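I have placed the structure first, in the form of structure tokens, so that the comments after it can refer back to it.
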Amino acid sequence: MSRAVAIEVSHLKKTYEKVRAVDDLSFQVYAGEILGLLGPNGAGKSTTLRILITLLHPPSGSATILGMDSVKDADRVRKTIGYVPQERAIDRFLTGREHLKLLADLYHLSPEEASTRIPRLLKLVELEQQADRPAKTYSGGMKRKLDIACGLLPDPKILFLDEPTLGLDVQSRLRIWDHVRAMRERGITVVMTTNYLDEADQLCDRIAIIDGGRIKALGAPHELKVGLGGDLVSLTGREHDRVELLAAAVKDLPAIRAVTTTPTGLDIRVDSPEKALPAILEAANRLTCQLEFIDYHRPRLDDVFIAHTGRSIKDDQPKAENQ
Amino acid sequence: MKEYWQEIRALTMRWVRRLSREKFSMLFTLVQPMLFWLIFFGNLFQRAADMQVTQASSYISFLTAGVVVMTVLNNGLAGGVDLLFDKENGFLERLMSTPIHRTSVILSRFIFVTTITSLQVLVILAVAWLLGVQPVTGRLGVAMILFIGMMFGVGLTAISMAMAFSVKSHGDFFSVPGFLSLPMIFLSSALVPLAAMPGWMGFLAQFNPMTWAIDAVRPLILQGWAEALPHVGMVIGVMVLFDALCLYGGARAFRRAIG
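Listed in order, the protein sequences are those of chains A and E.
Take 14 as the starting number for the first sequence in my numbering and just add one per residue.
Take 82 as the starting number for the second sequence in my numbering and just add one per residue.
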């Protein structure tokens, strides 16, 4: 099934002081979907986003947004997109309503248009009560809601969100997720960056895993997990030699797909846990290979990330991405 | 064009709103030059300053032109600071992601800084008037003083904005005006006429655009049109050159930062 393409990214490259922030990146965003750019800090997500919102000019490659080039047609692109930056880009001295009024003028809305849209947006993000208070009195979650209202003010066809829930408490996060889903319902295409696995898993229709400026995997969360091949049985063994023996023994058992040796034991991909688990345990008993710990789980996005990047996203120390 | 004005008006009003919510900051920036320089410094040196040297009836009357231009200097050099904050907290990026003409952000800042500075200059002239200093060239002279201040202010604000767009950190930004401001004042005719300075200082002061501005403002206050006009003509020429250089640098820094 071919779907309408909202954004076409083709061989994008961008280098900062000899570091390749984005390295030959190509992907498509379909109209009406939520696409998540998932990766650790410094992976190139924000750089990609800034190229798409016309703030960075890529030295090579191109990005087309609704058929318009991000450099040549920058002004037209800016009219059709909304952007919610990573930092709380809020003027603490202005009230929520004044933020929206300012942006209404910058999007050249008529006073009548502005006066219908602004109250509607304040209602949508539940900031009506606080609309006339200076933003410095807002909580983190409220600032984020104002950010989103600002992003929605131009009635965009595509909304770009940079780390929409970074640093928010759980409740605010869930509210923001609801807002993002509501945007999809309204037919808005959403492109967001995140370094939260659960956010990517639960919110995004498709995920592009980005690491070192390259796309390592792209697809719907469940496809990516299925693509790993089977559920995972992780064994922690007591003696290393015995573990090696066990690896050789289980390799050819039925319902076993792949066996990898880990520093502490084995990771075994299995087709059907009902068949595989007894067979693995039986083999371990037969070889007197003592096991300390057995873990069985469906593939998680974390496993997908590790499989494609060779490391866990959590290995990365949280720090501000300054690109 | 209509859209351009809509943007500029909205962005300028944003600066006005911000200022109106920082009442203390507004009060202090207004009071500081008159209090420190005009009232304290002017009275302190009243008897120490030689009337023969200053060629003025009082030191305060001599100093008024200097304080006016110093105010322009300080406001101009600080003119980019709010853009620095905007750059750091991402607000600038938000503005730039909207379909505005790229120059609106800068132009709104020029309009705001120039207006505030002009108001401050008027307050200083009013305080000086209370202290017995009346510009001999009258209202037209005051208008000319504002015009000179505006021309000098544009270049300084451009320098300040260029720095705001180029610096990596807050400290870098604030250290430059801190470093520049006092030498600019001492190496100008603000406090002492050039003729009375040590030779080397007088020599350096000739290259300071501030000296040119003060030398045009001072006769507008003290002497009259006949003495002032040649200086006014000169300062306009100097300022056109100064502004062109600063605006060129500012535009380059802006383009580098914004793309």
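For glycine and all other residues, C-beta sits at the position ideal for the given N, C-alpha and C.
Computed from a prediction, not measured in an experiment: that's the story for all the values here.
Measure the alpha-carbon distance for M278/E versus F335/E and round it to whole angstroms. Roughly 39 Å between the two C-alpha positions.
Does any CB atom of chain E fall closer than 9 Å to the CB of D88/A? Interface residue, yes.
Would you identify the three-state DSSP class for Q127/E, choosing helix, strand or coil? DSSP places Q127/E in coil when its eight states are reduced to three.
In whole angstroms, what separates the C-alpha of W118/E from that of V22/A? Distance between the alpha carbons of W118/E and V22/A is about 60 Å.
Threshold first: 4 residues or longer. Then list the alpha helix (DSSP H) segments lying entirely within the region 249-274 of chain E, N to C. Within the region 249-274 of chain E, the complete alpha helix (DSSP H) segments of 4 residues or longer fall at 251-267, listed in chain order.
Regarding I161/A and the ligand FMN, is the C-beta to nearest heavy atom distance less than 8 Å? In the structure shown, the ligand FMN is absent, as is every other ligand, since no ligand is present at all.
Roughly how many angstroms separate the alpha carbons of L92/E and C163/A, rounded to a whole number? Each residue's alpha carbon lies about 16 Å from the other.
Can you tell me whether DSSP reads A334/E as helix, strand or coil? Helix.
Output yes if chain A places a C-beta closer than 9 Å to the C-beta of T198/E; else output no. Not an interface residue.
Comparing the C-beta of A102/A with each C-beta of chain E, is any distance below 9 Å? Yes, because at least one Cβ of chain E sits closer than 9 Å to the Cβ of A102/A.
Please report the straight-line C-alpha distance between A286/E and P216/E, rounded to a whole angstrom. Cα to Cα, the separation comes out at about 25 Å.
Do the region 311-331 of chain E and the region 286-302 of chain E touch if we need at least three Cβ pairs shorter than 8 Å? Look at the beta carbons and you see the region 311-331 of chain E touching the region 286-302 of chain E: at least three pairs across the two are nearer than 8 Å.
In the structure shown, what three-state DSSP assignment does P331/A receive? Because the pLDDT at P331/A is just 44, under 50, the model does not fix this residue reliably, and the point stays unresolved.
Going by DSSP, what residues sit across from P147/A in a beta bridge? Answer by DSSP bridge pairing, in chain order: T108/A.
Can you tell me which residues form a DSSP beta bridge with G160/E? Paired residue(s): none; G160/E is not in a bridge.
Kindly identify the DSSP beta-bridge partner or partners of Y29/A. DSSP output for Y29/A lists V32/A as bridge partner(s).
Does chain A have any CB closer than 9 Å to the CB of A91/E? Yes, A91/E lies at the interface with chain A (some Cβ there is under 9 Å from its Cβ).
Assuming T249/A is part of the beta strand (DSSP E), what are its boundary residues? Residues 244-250.
With a cut-off of 9 Å, does the C-beta of G178/E fall near any C-beta of chain A? Checking the sequence shown, residue 178/E turns out to be Ser, not Gly. At least one chain A Cβ lies under 9 Å of S178/E.
Threshold first: 4 residues or longer. Then list the alpha helix (DSSP H) segments lying entirely within the region 146-175 of chain A, N to C. Taken in chain order, the whole alpha helix (DSSP H) runs of length 4 or more contained in the region 146-175 of chain A are 153-165.
Which stretch, first to last residue, makes up the alpha helix (DSSP H) that contains M132/E? It spans 132-135 - the alpha helix (DSSP H) in which M132/E sits, taken as one unbroken run.
Assigned secondary structure, Y140/E (DSSP; H/G/I helix, E/B strand, else coil): The DSSP-derived three-state label of Y140/E is helix.
Same chain only: Cβ atoms within 7 Å of A127/A, ignoring 5 sequence neighbours per side: Here the set comprises K114, A117.
Option nearest H310/A by Cα separation, candidates R282/A, R33/A, A144/A, I220/A: For the set R282/A, R33/A, A144/A, I220/A, the Cα lying nearest the Cα of H310/A is the one of R282/A.
Tell me, please, whether the CB atom of I228/A is closer than 9 Å to any CB atom in chain E? So no, I228/A is outside the interface.
Could you pull the DSSP bridge partners for I78/A from this structure? Paired residue(s): I20/A, M81/A.
Neighbour list for Y96/A in chain E, Cβ cutoff strictly below 9 Å: Under the 9 Å cutoff, chain E gives E174, R175, S178, T179.
Within the region 165-253 of chain E, note down every full alpha helix (DSSP H) run reaching 4 residues or more, in order along the chain. Taking only runs of at least 4 residues, the alpha helix (DSSP H) segments lying wholly in the region 165-253 of chain E are 172-177, 185-211, 219-247.
Nearest to R90/E (by Cα), restricted to the options I94/A, T77/A, G109/A, L119/A: When only C-alpha atoms are compared, the closest one is L119/A.
Closer than 9 Å to chain A by CB, G171/E: Contacts with chain A at 9 Å (Cβ-Cβ) include G171/E.
Quick check on this structure: which residue in S139/E, L116/E, Q133/E has the alpha carbon closest to the alpha carbon of Q127/E? Cα-wise, what sits closest to Q127/E is S139/E.
Work out the CA separation of A309/E and K85/A for me, nearest whole Å. Rounded to the nearest angstrom, the two C-alpha atoms are 51 Å apart.
Do the region 192-200 of chain A and the region 45-55 of chain A make contact, defined as three or more Cβ pairs closer than 8 Å? Touching, yes, given that three or more Cβ pairs across the two stretches are closer than 8 Å.
Say whether chain E places a C-beta atom closer than 9 Å to the C-beta of H321/A. Proximity of H321/A to chain E, defined by a Cβ-Cβ separation below 9 Å, is not satisfied.
On the three-state DSSP scale, how would you describe D182/A? Secondary structure of D182/A (DSSP, three-state): coil.
What runs of the alpha helix (DSSP H), each 4 residues or longer, lie entirely inside the region 235-297 of chain A? Qualifying alpha helix (DSSP H) stretches, in chain order: 253-263.
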